[in-house]
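For reference, the structure is listed below as C-alpha cells.
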Amino acid sequence: MIEVTIQLLGFIAAAALVVIGIAGMLFLDNLIKKIIAFTLLSDGVNLLLVALGYVEGGVVPILIPGMSVSEFAARAALVFPVGIVLTNIVIGVSTTAILVALAIMLYRRYGTLKASKVLKGERR
Amino acid sequence: MVSVETLFDKVKKWISSFVVGRGYTNMMTGYMTGELQSLVFALILASFFRIFSIPLGMILLVAVIAGIFYFAPIITTLEKENSNDLNRVLFWVVIYFAVIIAVTLWGR
Amino acid sequence: MSAYPSNLWSIPLLVVIPILVAVVVNLIYNRARLIKVISLASAICLALITLFSSYGYHWFTGQPALRPETLTFTFDPGLPAWRLALEFYFGPLQQAMIFIMSLILIFVVAVATSGLTKRQGPYMGMIFLLYASAAIIIMVNDFYHLWIAVEIGSLVVAGVVVGSGTSVSHKAALKYTFFSALSGAGLAIALALILGLTGYPNISDAIMYIQSVNLGEMSIILYVAFGFFVLSWIYAGGLAPIHPLKSEVYGASFPHGTAMLQTQSKLMLVAIGIVMLRVFGNLPFVREVMLAISVITMMLGVVMALIQTDFRWILAYLIVSHSGLVTVGISLGTTEGLVGGIFQAINDVIYMTVLLLCCEALYYFGGKTSTRHSLGLAKKAPWLGVAIILGTMAASGIPPFNGFQSEIILIQASLKAGLPEVAAVILMVSVTTFIALFRAIYRLFLKPPETSEPIVEAKVPMVLHVGLWVLVAITLIIGIYPNIVVSFITPVAEAVSLPWYL
Amino acid sequence: MIELSSSFIVMAYVMVVAITVGAVAALLQKDLLRAAFISGAESIALAFFFQALLAPDLGLTQAIVGTVLLPGIIILGIFKTRRTEED
Chain A
0 MIEVTIQLLG FIAAAALVVI GIAGMLFLDN LIKKIIAFTL LSDGVNLLLV
50 ALGYVEGGVV PILIPGMSVS EFAARAALVF PVGIVLTNIV IGVSTTAILV
100 ALAIMLYRRY GTLKASKVLK GERR
Chain B
0 MVSVETLFDK VKKWISSFVV GRGYTNMMTG YMTGELQSLV FALILASFFR
50 IFSIPLGMIL LVAVIAGIFY FAPIITTLEK ENSNDLNRVL FWVVIYFAVI
100 IAVTLWGR
Chain C
0 MSAYPSNLWS IPLLVVIPIL VAVVVNLIYN RARLIKVISL ASAICLALIT
50 LFSSYGYHWF TGQPALRPET LTFTFDPGLP AWRLALEFYF GPLQQAMIFI
100 MSLILIFVVA VATSGLTKRQ GPYMGMIFLL YASAAIIIMV NDFYHLWIAV
150 EIGSLVVAGV VVGSGTSVSH KAALKYTFFS ALSGAGLAIA LALILGLTGY
200 PNISDAIMYI QSVNLGEMSI ILYVAFGFFV LSWIYAGGLA PIHPLKSEVY
250 GASFPHGTAM LQTQSKLMLV AIGIVMLRVF GNLPFVREVM LAISVITMML
300 GVVMALIQTD FRWILAYLIV SHSGLVTVGI SLGTTEGLVG GIFQAINDVI
350 YMTVLLLCCE ALYYFGGKTS TRHSLGLAKK APWLGVAIIL GTMAASGIPP
400 FNGFQSEIIL IQASLKAGLP EVAAVILMVS VTTFIALFRA IYRLFLKPPE
450 TSEPIVEAKV PMVLHVGLWV LVAITLIIGI YPNIVVSFIT PVAEAVSLPW
500 YL
Chain D
0 MIELSSSFIV MAYVMVVAIT VGAVAALLQK DLLRAAFISG AESIALAFFF
50 QALLAPDLGL TQAIVGTVLL PGIIILGIFK TRRTEED
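Residue numbers (numbering that gives the first Met the number 0), protein chains in the order written: chain A, 0 to 123; chain B, 0 to 107; chain C, 0 to 501; chain D, 0 to 86.
What follows is the structure, given as C-alpha cells:
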C-alpha cells in the first residue's frame, strides 16, 4: 500500500486534468470547448510541475527570521518549478487569447463554431 | 464478339482507375510517380529492419510486398491519411508519442 | 583563455534589437516609409553584429560555464545545486547560422515592405520576433530559455501566417496553435524532469552530471524526457505526424513569410537536434528513433509534393521533406553526418528562399500559382524562368550548386555509418524534388498558354530582382567553394559527436 | 514552525475531487457561458491545491489568472460569436 501524500494527490489530479484536456481537444466539436479543454490541459501540466517541486514535510521557500539557512535549504520546497509554472501560466493566457481571436475570425467567415465544419480536412 | 484487350490496355485501365472522377488527367503523372515512389519507400523502410534482426526483416519484407498488392493504389490511402484534419493529426501524435516511449523503454 | 571569461555584450543585442524593432514598428503601425527604413536598417545592423562579434558567452545569472583555472564546465559535485547559469553561447556555428538568417531577414524585409501587405507594422513585428526566437534557440545553452523561445516561436508562427489574411491561413494558424499546448507543455515537463534528475538548468552542466554519475533506475526518467523532447522537436520543425499542419502553415502564408518561417524552423531543428544528441545521444535507440522520424518525414513530404496542384503547396511539402533531409544528418550522430546535416540546413534555407522569391514574383503576373493554368511565362519574363530553373537545380542537388555539396556529404556519411538504405532514400528525395518542381515549372513557364487573354503584368520591384540574383550567386559560390561554410561547422560537429567516439 | 500538512491533506483530497468534477462538468455544458464560469471555479480549486503544495505565490497568480483573465477572454469570445453549442 502506497502512502497517500499531497504529492501523490497532485500527480493524480494532474493526470486527470491532462487526460480530460486531451480527450476534450480530441472529441469535442465546438471550438470554444476545445479552447477550454486546452486551458485544462495547461492547468494539468502546471499542477504536475508544482507537484514535482513539493518536498514532504517542507516549508514555503521564504526565509523567515529565526530560521537557519541550513534548515531552510534542507526543508524548503523547490523554487525552479515555480518559476517555470509562472511563465507557463502567462504563456497559456496569451495562447488562449490568440486561439479565441482566431476562433472569432473564423466564426465571422463561416458563421459556425463547429470544428467539423470549420477545420475539416480538405483536398487541395 | 470478343474484344481483344492487350496487356497495354489493361495497364492503361489500371493506371487511369486512380484518377477516375477527378476530371483532371494532368495529375496522372504525379500520382503514378508518387505511387512508385511510395512503393519503393515502403520496401526500403521494411529492409531497414535488418538492423535489429535479419530473419525477422525478411519476413517483414515479404509481408510488406503482400500488403502492397493488397492495398494496391497506396497513394490514395497516403493522401487520405495525410489530411490536415486537426483530430486526425492529434490522434497520430498521441500514437507516435506512445510508440516512442515504448520503443525507448524497451530498448533499455 | 587565461583571463576570466568576460560577459559578452554583443550577443544579447541579437535578441534585444529585434524585440525593440518589433515594438517600435508595431507602434507606428501604418507609416510605410518609416517602417521600411527602420526595419531595413536594423536588419542590416543585425547582420553586421553577427559578422563582427567575437565568440564567447553571455550569462544572465549564476556563473559562467567555463572556469578559467581548470577549463572545465561548471559541474562540480561539491557545490550546492541550483546554480542557475542561464547563458547564451556564440561560436562559429552560431555565427554561420545567424548570419545566413540575417541575410534572409534583409531580403524578406525588403520584399515585404515593397508591396503586397497592408497593415505592415504588426506583420513586420511578427517577422522580427520570429528572428528573435530563432536566434535565442540557436545560441541558448540552458533549458529554460530554450523552452521559452520555442513557445514564443510557435505563437509568432501563427502571427506571421495570419498576416496573409485569407481564411485558409486563419485555419492553419488555429490548428498549429492548438498543438503548442502539447509541444510546449511537453518541453516544460522534459525540462522539469531533467532538472529534477540532475539539478542543473544549464545544458552543459546537466550533460556532465548525466555522464559522470550513475543514474541507476532513475534513468527511466531520461527516456520519458526524451519522448517529450521529441514531441516538441517534431512540432517545431514540422516532422512526420505534424507535417500536414506545418505544410499548411507554409502554404498559407505569403511566400516571403514562408521564407522566414522555413529559415526559423530548419535552424530550430538543427539547434534542438544538437541539444537532443548531446543530452540523450548515449541512450540506446535514441538515434534510431530520430532517424526513423526523419526518413518517414522525407518520404511523406516528397510523395505529397508530387500530387499537389499548386506551386505554393508543392514548395510547402518540399520544405517539409527537406527538413527531414536536415535531421537525417543530425540523427546519424557521426561527425560527417552532423556536418552534412547542418550544411544542408544552411543550403536548404538559401535555395528554398530563391524558389519562394520566384513564387512571390508570380504574384506580380496575375497571382496564379496553380499548375492547372499554363501561363507561358518564360516568354514574358525570361529572367524569372532562368532564376527558377537555377533554384530547382540547386534544390535537387545538381553539381555546380550548393545542394549537391551537402547532399554528397550526407550520402557519404550514411554509407560510412553502415546505412546504405538512407543513402538510397536521400538520392530518391533529390530526384523526386526535381520531378515535382519541374512538373510545375513546365506548366507555368514552358507550356504555351491555353487562353489568348493577356497576363496582367505589374512592375516587379527592384529589391526582388536584387534579392533573387544575390541568393542565386550565393548558391553558386557555396557550391563551388563549400569550405567557406564547412570550416565554420566542422569544429562544432567534432565536439558534439565526441561522446560516442571515445 | 506551524505544521500544516495534516490539514492540507484533507484539503487536497477535496480539491482533487473538485478539480476533476469541475473539469468534466465544464466540458459537458451545452451553455458555453456556464462552461467558462465552471472552468473558472475549477481554477479556484487548483489555486487552493497550489497552496497545499507549498507554492502560495502561484496560488495567488492562478486565482487571478484562472478566475478573471482566462474566463474573461473566453467570455469575450462567446459574446463575439454565439452562446450555445449548435448541434
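Using N, Cα and C, we set each Cβ at its ideal position, and we do this for glycine too.
- Near A/L16, which residues of its chain fall below 6 Å by C-beta distance, leaving aside the five closest residues on each side in sequence? Counting from 1 along the first sequence, the entry for residue 16 of chain A is found at position 17. Result list for A/L16: L39, D42 and G43, in chain order.
- Closer than 9 Å at the beta carbon, the chain D residues around A/T94: Reading the first sequence from its first residue, position 95 is the one you call residue 94 of chain A. Simply none; closest approach about 10 Å.
- Inspect the beta-carbon positions of C/I313 and C/L426 and report whether they are closer than 9 Å. In the third sequence, the residue the question calls residue 313 of chain C occupies position 314. In the third sequence, the residue the question calls residue 426 of chain C occupies position 427. For C/I313 and C/L426, no; Cβs fall outside 9 Å.
- Task: Determine the chain A residues that contact D/L59 at a beta-carbon separation under 7 Å, and present them in chain order.
- Result: For the purposes of this step, residue 59 of chain D is identified with residue 60 of the fourth sequence, where counting begins at 1. Using a Cβ-Cβ cut-off of 7 Å, D/L59 is close to nothing in chain A; its nearest Cβ partner there is about 11 Å away.
- Nearest to A/T95 by alpha carbon, out of A/G56, A/I35 and A/Y53? On the first sequence, position 96 is the one that residue 95 of chain A refers to. When the alpha-carbon of A/T95 is set against those of A/G56, A/I35 and A/Y53, the nearest one is in A/I35.
- Task: Pull up the distance between the alpha-carbon of C/I16 and that of C/S113, whole angstroms please.
- Result: Counting from one through the third sequence, the residue named residue 16 of chain C turns up at place 17. Counting from one through the third sequence, the residue named residue 113 of chain C turns up at place 114. The straight-line gap from Cα to Cα measures roughly 22 Å.
- Message: Assuming C/I388 and C/I440 are in contact, meaning their beta carbons sit under 8 Å apart, how far apart are those beta carbons, in whole angstroms?
- Response: On the third sequence, position 389 is the one that residue 388 of chain C refers to. On the third sequence, position 441 is the one that residue 440 of chain C refers to. That belief holds up - the Cβ atoms of C/I388 and C/I440 are roughly 7 Å apart, short of 8 Å.
- Task: List the DSSP bridge partners of C/F87.
- Result: Taking the third sequence and counting its residues from 1, the one referred to as residue 87 of chain C is at position 88. DSSP output for C/F87 lists C/H57 and C/V139 as bridge partner(s).
- Item | Reduced DSSP secondary structure (H/G/I, E/B, other) of A/K113 | Translated into positions along the first sequence, residue 113 of chain A becomes position 114. Reduced to three states, the DSSP call for A/K113 is strand.
- Assess, as a yes-or-no matter, whether the region 125-137 of chain C is touched by the region 264-278 of chain C under the definition of 3 or more beta carbon pairs within less than 8 Å. Yes, the region 264-278 of chain C is in contact with the region 125-137 of chain C.
- Task: State yes or no: is the C-beta of B/M31 nearer than 8 Å to some heavy atom of the ligand SAH?
- Result: Absent from the structure shown: the ligand SAH. Ligands present: none.
- Item | Distance between B/L60 and B/I94 (C-alpha atoms, nearest Å) | Numbered from its first residue, the second sequence carries residue 94 of chain B at position 95. Numbered from its first residue, the second sequence carries residue 60 of chain B at position 61. Answer to the nearest angstrom: the Cα atoms are 23 Å apart.
- Query: Got a sec? Which residues, its chain only, sit under 8 Å from D/Q61 by beta carbon, not counting five neighbours each side?
  - Reply: Position 62 of the fourth sequence, counting from 1, holds the residue named residue 61 of chain D. Counting only Cβ-Cβ distances below 8 Å, and skipping sequence neighbours, we find S42, L45, A46 and F49.
- Task: Identify whether D/T83 lies in helix, strand or coil by the three-state DSSP scheme.
- Result: For the purposes of this step, residue 83 of chain D is identified with residue 84 of the fourth sequence, where counting begins at 1. Here D/T83 sits in strand by DSSP.
- Would you please verify whether the beta carbon of B/V98 is less than 9 Å from any beta carbon of chain A? Position 99 of the second sequence holds residue 98 of chain B. Interface with chain A (9 Å Cβ-Cβ cutoff): B/V98 is excluded.
- Query: Using 8 Å as the threshold, is the region 192-199 of chain C in touch with the region 214-226 of chain C, meaning 3 or more CB pairs across them?
  - Reply: Look at the beta carbons and you see the region 192-199 of chain C touching the region 214-226 of chain C: at least three pairs across the two are nearer than 8 Å.
- Can you list, in chain order, the stretches of the alpha helix (DSSP H) that have 4 or more residues and sit fully within the region 30-74 of chain B? As far as the region 30-74 of chain B is concerned, its whole alpha helix (DSSP H) runs of at least 4 residues are 53-69.
- Message: Using DSSP's beta-bridge definition, name the partner residues of A/N29.
- Response: The sequence position of residue 29 of chain A within the first sequence is 30, counting from 1. According to DSSP, which records beta bridges pairwise, A/N29 is partnered with A/K113.
- Message: Within a Cβ cutoff of 6 Å, which residues of the same chain sit near C/I142, ignoring the five residues on either side of it in sequence?
- Response: Here residue 142 of chain C refers to the residue found at position 143 when the third sequence is read from its first residue. A small correction: the amino acid at residue 142 of chain C is Phe; Ile does not occupy that position in the sequence shown. So the list reads L190 and P200, once near-sequence residues are dropped.
- Query: At which residues does the alpha helix (DSSP H) containing C/R32 begin and terminate?
  - Reply: Your numbering for residue 32 of chain C matches position 33 in the third sequence. C/R32 -> alpha helix (DSSP H) spans A31 to F51.
- Task: Compile a chain-ordered list of the residues in the region 33-52 of chain D whose CB is closer than 8 Å to at least one CB of chain A.
- Result: Those would be A34, A35, S38, E41, S42, L45, F48, F49, A51 and L52, in chain order.
- Task: Identify, in the order they occur along the chain, each residue of the same chain with its Cβ nearer than 8 Å to the Cβ of B/V68, setting aside the five sequence neighbours on each side.
- Result: As a position in the second sequence, residue 68 of chain B is number 69, starting the count at 1. It should be noted that the sequence gives Phe, not Val, for residue 68 of chain B. Contacts found: none.
- Any C-beta of chain A sitting closer than 9 Å to the C-beta of D/T19? Within the fourth sequence, the letter at position 20 stands for residue 19 of chain D. So, interface residue.
- Task: Would you list, in chain order, the members of the region 422-446 of chain C that have their beta-carbon closer than 8 Å to a beta-carbon of chain B?
- Result: So the close ones are A423, V424, M427, T431, I434, A435, R438 and R442.
- Query: Could one say the Cβ of A/K32 lies closer than 9 Å to chain B's Cβ atoms, at least one of them?
  - Reply: As a first step, residue 32 of chain A must be located in the first sequence, where it is residue number 33. It does not: the Cβ of A/K32 has no partner Cβ on chain B nearer than 9 Å.
- Identified DSSP bridge partners for C/V421: Against the third sequence, residue 421 of chain C aligns to sequence position 422. Answer is none; C/V421 lacks a bridge partner.
- Query: Using the C-alpha atoms, what's the distance from A/A102 back to D/K79?
  - Reply: Indexing the fourth sequence from 1 puts residue 79 of chain D at position 80. Indexing the first sequence from 1 puts residue 102 of chain A at position 103. Their backbone Cα atoms lie some 10 Å apart in a straight line.
- Whole angstroms is fine: what's the gap from C/G185's alpha carbon to C/A235's? Locating residue 185 of chain C in the third sequence gives position 186, counting from the first residue. Locating residue 235 of chain C in the third sequence gives position 236, counting from the first residue. Distance between the alpha carbons of C/G185 and C/A235 is about 12 Å.
- By Cβ distance below 7 Å, which residues in the same chain neighbour C/V485 in space, the five residues on each side in sequence not counted? What you label residue 485 of chain C is simply residue 486 of the third sequence in a count that begins at 1. Cβ neighbours of C/V485 beyond the five flanking positions: V338 and F342.
- If the cut is a Cβ gap below 8 Å, which residues of chain B does A/K119 touch? In the first sequence, counting from the first residue as 1, residue 119 of chain A sits at position 120. Here the neighbours are D84.
- What in chain C is Cβ-close to A/N87, meaning under 7 Å? Position 88 of the first sequence, counted from the start, is the residue given in the question as residue 87 of chain A. Residues of chain C passing the Cβ test: A187.
- Pick out whichever of C/L260, C/I97 and C/V24 has its Cα sitting closest to the Cα of C/F51. Residue numbering aside, residue 51 of chain C sits at position 52 when the third sequence is read from its first letter. Minimum Cα distance to C/F51 is reached at C/I97.
- Contact under 9 Å by Cβ, D/V20 with A/L8: For the purposes of this step, residue 20 of chain D is taken as residue 21 along the fourth sequence, with counting starting at 1. For the purposes of this step, residue 8 of chain A is taken as residue 9 along the first sequence, with counting starting at 1. No, the pair does not count as a contact, with Cβ atoms beyond the cut-off.
- Message: If distances are taken between C-alpha atoms only, which option among C/V325, C/V285, C/V229 and C/I306 comes closest to B/L35?
- Response: As a first step, residue 35 of chain B is located in the second sequence; it is residue number 36 there, counting from the start. Shortest Cα-Cα distance from B/L35 to any of C/V325, C/V285, C/V229 and C/I306 involves C/I306.
- Message: For C/F444, report the span of its alpha helix (DSSP H) as first-last.
- Response: For the purposes of this step, residue 444 of chain C is taken as residue 445 along the third sequence, with counting starting at 1. Bounds of any alpha helix (DSSP H) do not take in C/F444, whose DSSP letter is neither H nor E.
- Could you name the residues of the same chain whose beta carbon sits closer than 7 Å to that of D/T66, not counting the 5 residues immediately before and after it, in chain order? Your numbering for residue 66 of chain D matches position 67 in the fourth sequence. Non-local beta-carbon contacts of D/T66 in its own chain, meaning distances under 7 Å to residues more than five positions away in sequence, involve G39, S42 and I43 in chain order.
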